[in-house]
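Colleague:
2 protein chains.
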Amino acid sequence: MPGGESDARAPHPALSLDEAVHQKTRLALLTLLDEAGQADFAYLKRTLDLTDGNLGRHIDVLTTQGLVETTKEFIGRRPRTWVTITRHGEQALAAEMEVLATLLDRFRNNGTTTRTE
Amino acid sequence: MPGGESDARAPHPALSLDEAVHQKTRLALLTLLDEAGQADFAYLKRTLDLTDGNLGRHIDVLTTQGLVETTKEFIGRRPRTWVTITRHGEQALAAEMEVLATLLDRFRNNGTTTRTE
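Line order of the protein sequences matches chains A and B. So the first sequence is numbered by the numbering used here: it starts at 1 and just counts up by one. So the second sequence is numbered by the numbering used here: it starts at 118 and just counts up by one.
Have a look at this one:
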């Protein structure tokens, strides 16, 4: 690993994770939406096995952070809510994935030493 | 990606993440302890820039789940608390990393399709 001893003083990569993206249900939502571009509420609810309330709360967090947008359309009298990942959401997910890749590399290259003060 | 359309019905890999391990501070703690085998409270506190209370709460969660163990020793009259990752903690971290690798693979192999019900 480049840096050797000096990296013991660098901030741990996991500290830069954003809980808005990292929390497991929201990470699932963002990766699904990144794959799909957009998906409707019913699909997300069924695929992630969430209640209306639980999915709604996570969509709210993501919307407040500007990571997704929702639009409602009517098929006849039946409403359908579409959820779309924003450009900012794509960037935030890419940043999360970059940190996860760093953590994975560290884990896979793990040696055994004892750290103390 | 193997499975094609049928994987739309498989549980999303992120759903199998364990929040005890996945939460970012605990993920940082477990990866540090996996690298170090053990570390003392002061080192973890400083490295992860946590307060005593915050670190203590996360160590409590990890201890309750059997992922780490703590032991106290005295250097003269000065107490030092050592935190050690357990075998179960190593296995749980390895399981987390396996899911993260799956998410990363999906992200990197991402095509563009629209998912609906």
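Just so you know, even glycine gets a beta-carbon here, dropped at the ideal spot from N, CA and C. Just so it is clear, the structure is predicted and the values come from calculations on it, not from any experiment.
1) R194 of chain B by DSSP, collapsed to three states: which one?
2) Under the assumption that Q65 of chain A contacts A36 of chain A (Cβ atoms under 8 Å), give the Cβ distance between them as a whole number of angstroms.
3) Counting only beta-carbon separations shorter than 9 Å, does P130 of chain B have a partner in chain A?
4) Decide if the region 25 to 32 of chain A is in contact with the region 128 to 137 of chain B; the criterion is three or more beta carbon pairs, one per stretch, under 8 Å apart.
5) If I follow the unbroken alpha helix (DSSP H) through A156 of chain B, where does it start and stop?
6) With respect to the alpha helix (DSSP H) encompassing G183 of chain B, which residues constitute its N-terminal and C-terminal limits?
7) Quick one: Cα of D18 of chain A to Cα of E207 of chain B, how far?
8) Name the chain B residues whose beta carbon is nearer than 8 Å to that of D34 of chain A?
9) Nearest to I202 of chain B by CA position, among B:D169, B:E186, B:Y160, is which residue?
10) Candidates B:R204, B:V200, B:L210, B:A127: which alpha carbon is nearest L48 of chain A's?
11) Grab me the residues of I59 of chain A's own chain with a C-beta within less than 7 Å of its C-beta, minus the 5 sequence neighbours each way, in chain order.
12) Could you check how far apart the C-beta atoms of E44 of chain A and L62 of chain A are, in whole angstroms? I think they sit under 8 Å.
13) Judging by CA-CA distance, which residue of A:A42, A:T25, A:K24, A:L33 is the nearest neighbour of R78 of chain A?
14) Please check if any C-beta of chain B sits within less than 9 Å of the C-beta of K24 of chain A.
Modeller: So, from the data block:
1) coil
2) Going by Cβ atoms, the distance from Q65 of chain A to A36 of chain A rounds to 19 Å, so no, they are not a contact pair.
3) yes
4) Yes, since at least three Cβ pairs between the region 25 to 32 of chain A and the region 128 to 137 of chain B fall closer than 8 Å, the two stretches touch.
5) Counting along the chain, A156 of chain B falls outside any alpha helix (DSSP H), though it belongs to the beta strand (DSSP E) covering 155 to 157.
6) Run containing G183 of chain B: none; DSSP gives neither H nor E here.
7) 24 Å
8) Within chain B, the residues near D34 of chain A are F224, N227.
9) B:E186
10) B:A127
11) V68, T70, V83
12) Rather than Glu, the amino acid found at residue 44 of chain A in this sequence is Leu. Between L62 of chain A and L44 of chain A the Cβ distance is about 11 Å, and since that is not below 8 Å, they are no contact.
13) A:A42
14) yes
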